Structure formats: structure tokens, C-alpha cells
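Asker:
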Amino acid sequence: MTENTGEYRDSMEMDFTGRNFEEYAWECDLANGVITFNQGWQKRLGYSAEAVKPGMDGWKSLIHPDDRERTIKSLMDYIEGRLEKYEAIYRIKARDGKDVWVLSSGKALRTDKSGKITRVGGVQRLISDIETVELNLRERKKELEFFFAFSKLIDDCGDSLEKICAGLTELLPKAFFDSEHTGVEIVYRDGVYSSKNLLKDSRFIRKPLKRDVEEIGSISVYYSGYRDVRFLSEEDRVLSSIAERLGKIAIRIENSKALKESEELFKVTLASVGDAVLATDAFGIVTFVNGTSCEMLGLEMQKILGRHVNSVMHIFNELTGEPAEIPVDRVLSSGRKVGLANHTCLKSENGKIYFIADAASPIVMENGEIVGVVVNFRDVTSEKERERRILESEEKFRHLIENMIGGMIILYSDDGMTFKVRDIKSGISGLHFDRESVGGKDIGEVLPAISSTSLSAAIESVWESGKPLALDPIYYDDGVLKGWWENYIYRLPSGDVVTLNYNVTERKELEEFQRLSHSNLVELSKSVASRNFDLQSFMEKAVETVGRMLRVDRAGIYMLNENSEFDIRLLYEVSADKISSNAGRAMDQKLAEKYLSHIKDRRVLSIENVLEENIEDLFIRSLIDVQVYGILDIPLRIKGEIIGSLYCDMRGPRSWSYEERSFAASVGDILTMALEEDRLVRSEMRYRNMFEASSAMMVLIDPDSGRIVDSNPVACDFYGYGREEMRQRYTSHLGLGDLEMMSDIKNGRSRRFTTRHLLAGGEIRDLEIFVGPVEIDGKMLLNCIVNDITDRVNAENKVRETMVELEHSLKDTVMLISKIVEARDPYTAGHQANVSRLAGEIAEKMGLDKKRVQWVKTAGMLHDIGKVSIPAEILSKPGKLNELEWSLIKNHPLLGREILSEVHLGGPISEIVLQHHEKMNGSGYPNGLKGEEILLEARIIAVADVIEAMSSHRPYRASRGLEEAIREIVMNSGELYDPAVVKACIQILESGFNLSGK
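Just so it is clear: in the sequence shown, position 987 is 993 by my numbering, and no numbers are missing.
1) For ARG638, which residues of its own chain have a beta-carbon under 6 Å away from its beta-carbon, when the five flanking residues on both sides are left out?
2) Would you check if the stretch 504–514 and the stretch 528–545 touch, i.e. whether three or more CB-CB distances between them fall below 8 Å?
3) Give the secondary structure of ARG313 by DSSP, where H, G and I count as helix, E and B as strand, and everything else as coil.
4) Would PRO499 pass as a contact of TRP490 if the rule is Cβ separation under 7 Å?
5) If I'm right that SER230 touches ASP207 with Cβ under 8 Å, what's the distance once you round it to whole angstroms?
6) Just to confirm before moving on: does the CB-CB distance between ALA366 and VAL381 stay below 7 Å?
7) Per DSSP, THR350 forms a beta bridge with which residues?
8) Identify whether ILE133 lies in helix, strand or coil by the three-state DSSP scheme.
9) Grab me the residues of ALA100's own chain with a C-beta within less than 7 Å of its C-beta, minus the 5 sequence neighbours each way, in chain order.
10) How about ARG497 and GLU908: are their beta carbons less than 7 Å apart?
11) Among the candidates ASP951, ARG966 and HIS959, whose CA atom is the shortest distance from the CA of VAL987?
12) Between GLU666 and LEU556, is the Cβ-Cβ spacing less than 7 Å?
13) Report the three-state DSSP secondary structure of PHE210 (helix, strand or coil).
14) Do the stretch 792–806 and the stretch 768–780 meet, that is, are 3 or more Cβ pairs less than 8 Å apart?
15) Pairing CB atoms from the stretch 893–903 with CB atoms from the stretch 915–932, are three or more of them under 8 Å?
16) Using the Cα positions of TYR228 and SER247, report the straight-line distance between them to the nearest angstrom.
17) Could you compute how far the alpha carbon of ARG735 sits from the alpha carbon of PHE999?
18) Examine the Cβ distances between the stretch 845–854 and the stretch 882–897 and report whether three or more of them are shorter than 8 Å.
19) Compare the C-alpha of LYS263 against each of ALA582, GLU939, ARG74 and GLY164 and name the closest.
20) Per DSSP, what kind of secondary structure is LYS113 in: helix, strand or coil?
21) Where DSSP assigns a beta bridge to ASN382, which residues make up the other side?
22) What do you get for CYS991, buried or exposed, if any count of 16 or more other CB atoms within 10 angstroms of its CB means buried?
23) Using the Cα positions of ASP797 and ILE644, report the straight-line distance between them to the nearest angstrom.
24) Please classify PHE289 as buried or exposed, where buried requires at least 16 other C-beta atoms within 10 Å of its C-beta.
25) Rounding to the nearest angstrom, what Cα-Cα distance links GLY112 and GLU90 in this structure?
26) Tell me where the beta strand (DSSP E) around TYR725 begins and ends.
27) Taking 7 Å as the threshold (C-beta atoms), are ALA464 and ILE495 in contact?
28) Could you pull the start and end residues of the beta strand (DSSP E) that HIS763 belongs to?
29) Expressed to the nearest angstrom, what Euclidean distance is found between the alpha-carbon atoms of GLY413 and ARG441?
30) Tell me whether the stretch 349–362 and the stretch 324–336 touch, counting them as touching only if at least three CB pairs, one residue from each stretch, are closer than 8 Å.
31) Which residues bound the alpha helix (DSSP H) around ALA548?
32) Once the 5 residues before and after GLU879 are set aside, which same chain residues still bring their CB inside 6 Å of it?
33) Determine the extent of the alpha helix (DSSP H) in which LEU602 is found, giving its start and end residues.
34) Buried or exposed: where does ASN44 fall if 16 or more other Cβ atoms within 10 Å of its Cβ makes it buried?
35) What does DSSP give as the partner residue(s) for LEU982 in the beta ladder?
36) Can you round the beta-carbon distance between VAL108 and ARG74 to whole angstroms, since I take them to be within the 8 Å contact cut?
Right, dumping it as C-alpha cells:
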């Protein structure tokens, strides 16, 4: 290429007047893809002729990356006819690494026959520092013009973020190099705003709109023009600035709207709140008063505003009648909140007296200046009456808690792992602690061994899940406290965990004793019947069994010798686990005679403390001499004659339970039979003699007919019949069903059962009968050993009566809770009880079983328990409820379910309470359930609730009467109410049912 650049300058008719340029020529052969520059240009930039490749790639590599795509696009737009001329300003990297600004211009030098440009050429001009500054100023001007337009857009749109976003999508493309192919999309919250004819491309810049760390939207710029063009770094910075500013504008507008809504809500709240609100300025002049204040002061609003508070508000002490201070001046001087003293009354202008509670608070500006006072006061007249009634109810409830049989521990925890004692009640049979000394202590410190029991894990589970648990009895032993405890754990709404504990040690020990005693008696009985029976071994086993089971110091057998003296046949020292045979003389004739006088008319001789007996008695004195202070002796009789005794000795006083005495007596009976077995040969006669001589009641029965074949004298005496009379009777004459109970015994099995028999004198006794097969004269008969357990059955009946009383206590507790709820709303007194009665009648009419009927009654008594969490002013408000108040009322079924879910009431009571305002068509609350989705019990409560409510007076309306209530449920049967329930309800009401219960 020639060094002369004049021809290019002249041919392009470009004006260089006043310009300080260094100019160098360039030429581009499009057909061969070659671009060349003159040597002066290369030298100016510090490159040798060989250093710069003549191709397009060589030229592109020298252009600054931020300018490369834009520059190439300008050249290609000219070549392809989209621009009339080519001119571009860009930076080229010199040999020394510095960027040099150049102004490149050019035009077509050659075209083909079709007019397509095949060669283009021009000049490169190195721009001076002044021109560079001018170029930068031009770009800054473009940015300033955009930001000015953006500011004007913000001013014009005000607080309409939608208009700002829409306007910005059309304005922002003008700030970019190729605005024609640039589009904008703004996303804010749920809105999307886009430029007209937006074409989304893979080339885009996205900046987030943020509120602190929360992303609330984004602004994206898309370029859909020439493929090699990319965004400039300056354009990226502009978009970042716009995104930051737009985010701040959005936050400001959101905050402004929230503030306006808050101010409006505050005004509406003050105007509609149930409490009286009055505001003054710094001089005590009233500047604001709501409707409740006007009503209580007895003045119209215009007669209150502008007056001093002391002239419109007259308060006095209810006890002394003396005027009370209105604390406005005190608040203004102290700058602190001041409340009224107790027993303060307000006298209205119309003469009405209100018991009030109030507080006065300063109105403080941001700079700390006190500009006025807000006085809030409310009528607590009804609350005082309710408070009195609640205190009475709480006292009854407290009395109920304090007299619980079991103990109670209330625990609190911050993490569900460490639990501390908030309160503790020992109870009649619960754990016993000093209440004050354990408060605040870790439960592991109070009960050191709790971690080794399932109670610890159960407490953690209930704290986490909220589901109550009833634990099987656990054994606890920390060296001080020990025994079996039954626990019921539940969580209070406050989050505290309550464990109710009952000491069931006696019951567990009794159950274990009964199990072991039955097992041992069966084992001893089998030993007697064994073919390898040995009397000495059996006696040793019997004595050892009694000593071990009864935990005595010593057990043994006395046998009466031919000289009427008692010898020690066997002696078992329990502590040494040692048995001695023929241990010597126990009693001489004189002492034996006295001993016989004590046992001759007894089945069991038990003495708990010999020192409380007649110590002049020879036998008693002999016990004291050998340091025996408690005894349990069983006479051994054969044919009515005492031949010895089974004895148990204690070296200290000892109480003997009924079960212990019965067990020892049964062992004595078996021992007697064993002695008889040893005396008699193994024959039917031996059995007959044993049958005759046994001190136990024995009866032989024909299992096929139920006829009494024989009975021993003891049985005859018990039933009150002679022997022949007994043989003429059948089991059906004595009791019901005995033969059916015995019918499966002939195959060799024995069994035990209880029954009731009628004695000759008409008395009915409860019996325990041991039945086993026996073969006599080749015929299989049933041998019945009869034990009179009437006293035990009576004791069990008393236990059942106690359980019934506990059930009544539960019902009383439900009634008490219902009364507490109604105490907060005197207008609905008796409402829950009436709903419970009517709902119970409907449930019975519809054929529900007794259990479900009781669920309905209990739920009826508690269906409005959730209202305990609703302010009393709303419950008894005489006017129409606003939306907020009505939403609180509608929430009471959920609150009721939350309260009752923690209490075990024997059924789905909490779910019935939750659903009692649901409707058949799904229009009810709180869950909008439909049809069969609603429990039948809840549908019954819903109808009973409507009937009772519409028939009763309310503060916001008069009673509509029963006829109107019936019309309501009939008209909406199937739509709102269950038709079957409506039908049953109408039948009950038409039959004369009295809603008031009088």
C-alpha cells in the first residue's frame, strides 16, 4: 500500500480543518480477507512490518476488547449496506502496551457487477489528548442525558412503581450503543414489564433488585443485533447503577404504602377498639377521643374535644369515695407510664358509675419531646364480678388438685433435654417432697435414678410431640426412694410437661404375690398327687415355700405328740436358708393346752404385735420370752382334731394381709391333705377318709348330670344342709352355670373358677372353686374344693365403686371447666349445659351407643372452651362485630381443640369441638369440611348449638324464640345441617323437651 494518504482523504471528502491528527492509510481486500496498513502506521505504534499480520485476525487482535465487537460491527454494517459511511472510534494496543485512540474512516474502493463492495479503504487518525477528553465527555453527556430523563420519569410517575418500570423499559435502551436492537425486561414481585417488541437473546446482562439481602426482582438488558457485538463495561456499570437506584425506589414506595396503611389501621383501630381511648396535648387539652370514651363519659365528641381532661373525666376511689387523680400531669412531668390505683371508679355525666382500670402514657417525638398523653381506660365492672366467680371456681379446682390421690410434677425445659421442676405436689399416694426445696432443680437431681427408667425418655417425647403418654408401671430405686410407680405424662399449652404419678407398689407386689402363690399352690398340690410322693420332702418344700413367700424370720411345723405336747417337726431359718428336722420340744402340756385354746376355733391365728395382746397370757408370755413379736399360725386338722400347726414367726411386729393369710391357710390345707395321704393307704377309702376329715369344704359332683354325689361335713355345715339333703341336690340348686364350667374337666384337666351359691338360709356367698377329676368305684367324678371369698369380692366391689366415683369426678371436672368458660361470658351462662343435654338426647334418638352418646355430652359441655382465649369485651359486645373481632370468634374451635388435645377424656372430644361450626355444604369454619367429612357427633352439636343460641337472649339481640330456631334448621336441612340430625331434634322438641332443663 502506498504511503500517500492524500488520495484517501480527498476521495472521502472528509473535513480535517482545525484537527490535530496523525493520519495513516489502510485498505481491506474483502475477497481475500486481507487488511493492510502503511508502514508509518506500524512504526507509530512501535511494530515492525513483520509483527502485524496482514489478515483480519491480526487487525482484530490489536483492538481493545471492549471496542472490538462494536468496531467490527460498524465496518460490516457499511460493507453490507446498512450504513452510508464507515466511521469508528476505538482503542488500539501499541507495542509498549499503552492504548491509543484512533478515528478510522473509509469508503468503497471497488465493487463487483452486482454492486457488492469487494474492496474498501481509508485512513486511521491518531486522536490527541484533547480529542480523547472530548470523546469521553460525549459518552458522559449521553449517560447524564439518560439519568436526567430517568429522574424526570421518577418525578412524573410519583409513587407508581408500575409506571416507573414501564417507562424505564422504553428509556433504558437509549443508554446503550445499539439502542435499536436493545430490549429491557424488569421483574418486580409478581409483575413483569418489557420493552416493545422485546427479543430475548443469549446475550444479556441481569442485575438483581434487592431489599437488604432479599431479592425482590431483577432488571435484564438483552441485545439481539450483530452476533459478534457484546456489552461494554460502561454499559454494565450503568445497569448496576440503575438496578441499585430502582431497588431503593421500590423499597421507599413499599415503605410509604405500608406506613399509610399502618396509619389508617391505627385510626380505625382506635375508633373501633373496645377500650376507651383519650389523647391530650402537652397542656392536658383533649385532642382525640374514640366512641367508647364518649359513651363512658356520657358526652358527645364535640363537647369533649378542646376541653381540659379534668373537666370531662371524673374519677374517685370506690372504697373512700374521695376524688382520684387523673395521671395526665404526672405523665407529662415524669415522662413515664402511670396506671390508676386499684378500686377506681368513673362517674359519667349521666350519673352511671363504672369500675375502671386504666393507664396513661406519654406521646414522645423522635427528638424526645413529650407532646401529649394517651389515656386508655376500660369498664371492668363485669370483670370484677367474673373475677369473683372465677376465684371461687379456681378455689374448687385447687381443692380438687390438692386432694388428688396421686402426685404431680410440673417440669419446664428450654431445649427438650434438660428438665427442671416448676412445681411439685406430693399427693396422697404420690412421691413425697418438700415443695419449696425442689423448685427450679433439675429433675435428675430430684430423682437421681430417673435416667435408668423409661420415664425420662417419655418426658422428652411428650415435650417434643405434645402427645400424652401413659406408662406401664416402672420400678424406681435411688437408694432413698424405691417402689413401683405408674405415670401419666402430658404437655400443657404453655409447653410445661406434667407427670401424674401413682404409687402402685402394693398393687404390683400383690399381683406378683398372687401369681407366685397360685403357682406354688399348684406345685404343692401336684406334689401331693405324685406317685413318688414323700411326706418329709413335701413338708420341707411346704415350709420353705411359706417362709420364702411370706418373708418371715422363721417357719416350721408343730406336731402334737401322744403326751399332748407340741414338738418341732420342722424348722426353717429363712435368713440362713437352713431346714432342721425334729428340732426338739416346742411346748409342754400346759403351754400346749393354752396354745390349743388360741387356735381351736380358728382357721388362721395371726398376731401383728404380741406386746399389744394380754401379756399375762401364758402363750403370749412364752412368745415374748423367745423374742417373737409377730406370728401367723395355721392349725392342721384331721377329722376335726388338731394334730399340729404350720407356724410363721417374726422377731418384730408384722402386719399380715388378707392374701398372706389366705395363702398360708391354703398351704395348711394342702399340708393337711398330705398328712392324711401319708396316714391312709392309696385307695378309695384313703380318699374317703381324707374327704371326710378335710377342714376344707369338699363336694363330689357327677359331671354328666350335675348331681351332688357327696359332700364332707365342713361343706354341709357351710351350705346349711344335712348330708343326705346335699346328696339329693344338683349344682343348679346352688348356683348358675356351674355344670357348664365343669364340663371340660373329665379329660383330666383341672381348673379354678369363681361363682355364687345359695345357702340353705337364703344367703348368697361368693365362692372360689378348685375342680379336679377323681375316679371312685370306676366312675369319673369331679372333686370340688370350695373356698368362701365373699369378703374379698366385697373388697373388690368397693374398688369398683371407687372407680365409679373417679368417673364422676371427671364429669365434675368437665362441668367445672364449662362453668369457668361461662364465667367469662355471663350472657351465655348455661348455654353449654343446655347444648350438652339436647345433643345427648339427639344422639340417643339416633341410636348411638352409650360411649358415643357420652362423647356428645362431654363435647357439648366443652364446645366453647376455646372462647377462654377471646377478650371478654368481644364476647359480650352489644354491637356488631368488626372483621378482626369476628375472625377471633371464628378461631375459638381451633383454640378449643388445642386445649383439649392435651387432655385424655376417653374419646375424640377435641375433634368434635374443632368441627362443631362446620356446615354440610362446606361453608362452615375453621376448615370448610363437607358432609361425611364432619364427625356425626359434631353435626349433632351444630344443630343443638343453633337451637339453644337462637332461643336464648344475647347482648347483641333479643331471643328469636324456639319456633324461629326450628324454622332455621328445617329451611337449611341438607344445606347447612344434617337432615337425620334435624329430624331427630324436631321429634325431641315436639315431645316436650325443655331447653332450660327446669
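Where a beta carbon is used, it is the ideal one built from N, C-alpha and C, also for glycine. None of the values given here were measured: they were computed from a predicted structure.
Answerer: Reading from the atomic positions:
1) In the sequence as presented, Arg is not what sits at residue 638; that position holds Leu. For LEU638, where only same-chain residues beyond five positions count, the Cβ hits under 6 Å are SER612, CYS654, TRP662 and ALA670.
2) The stretch 528–545 makes no contact with the stretch 504–514; the number of CB pairs closer than 8 Å stays below 3.
3) Coil at ARG313, not helix or strand.
4) Not a contact, by the Cβ cut-off of 7 Å.
5) About 5 Å; that satisfies the 8 Å criterion.
6) Remark: C-beta atoms of ALA366 and VAL381 approach each other more closely than 7 Å.
7) Answer is ASN323, bridged to THR350.
8) In the three-state reduction of the DSSP assignment, ILE133 falls in the coil class, being assigned neither a helical nor a strand state.
9) The beta carbon of ALA100 is closer than 7 Å to those of LEU51, GLY52 and VAL106 in its chain, skipping five residues each way along the sequence.
10) Yes, Cβ-Cβ distance for ARG497 and GLU908 is below 7 Å.
11) Proximity to VAL987 across ASP951, ARG966 and HIS959 peaks at ASP951, based on C-alpha coordinates.
12) A contact, by the Cβ cut-off of 7 Å.
13) If DSSP states are grouped into helix, strand and coil, PHE210 belongs with the strands.
14) The stretch 792–806 is in contact with the stretch 768–780.
15) Result yes; three or more Cβ-Cβ pairs closer than 8 Å.
16) The alpha-carbon atoms of TYR228 and SER247 are separated by roughly 17 Å.
17) Taking the straight line from one Cα to the other gives about 55 Å.
18) The stretch 845–854 is not in contact with the stretch 882–897.
19) Taking only the C-alpha atoms, the option nearest LYS263 is GLY164.
20) If DSSP states are grouped into helix, strand and coil, LYS113 belongs with the strands.
21) Beta-bridge pairing by DSSP links ASN382 to VAL283 and ALA365.
22) The residue in question, CYS991, is buried, as its Cβ has 16 or more Cβ neighbours within 10 Å.
23) Rounded to the nearest angstrom, the two C-alpha atoms are 26 Å apart.
24) That one is exposed.
25) Their backbone Cα atoms lie some 11 Å apart in a straight line.
26) No beta strand (DSSP E) holds TYR725; the alpha helix (DSSP H) holding it covers 719–725.
27) In this structure, ALA464 lies closer than 7 Å to ILE495 by Cβ.
28) Segment 757–764, the beta strand (DSSP E) holding HIS763.
29) If you draw a straight line from the Cα of GLY413 to the Cα of ARG441, it comes to about 12 Å.
30) With the cut-off at 8 Å, the stretch 349–362 and the stretch 324–336 touch.
31) ALA548 -> alpha helix (DSSP H) spans 541–556.
32) Contacts found: GLY280.
33) Start and end: 595–605.
34) With 16 or more neighbouring CB atoms inside 10 Å of its own CB, ASN44 falls in the buried class.
35) The partner list for LEU982 (beta bridge, DSSP) is empty, contrary to what the question assumes.
36) Not a contact, Cβ separation roughly 13 Å.
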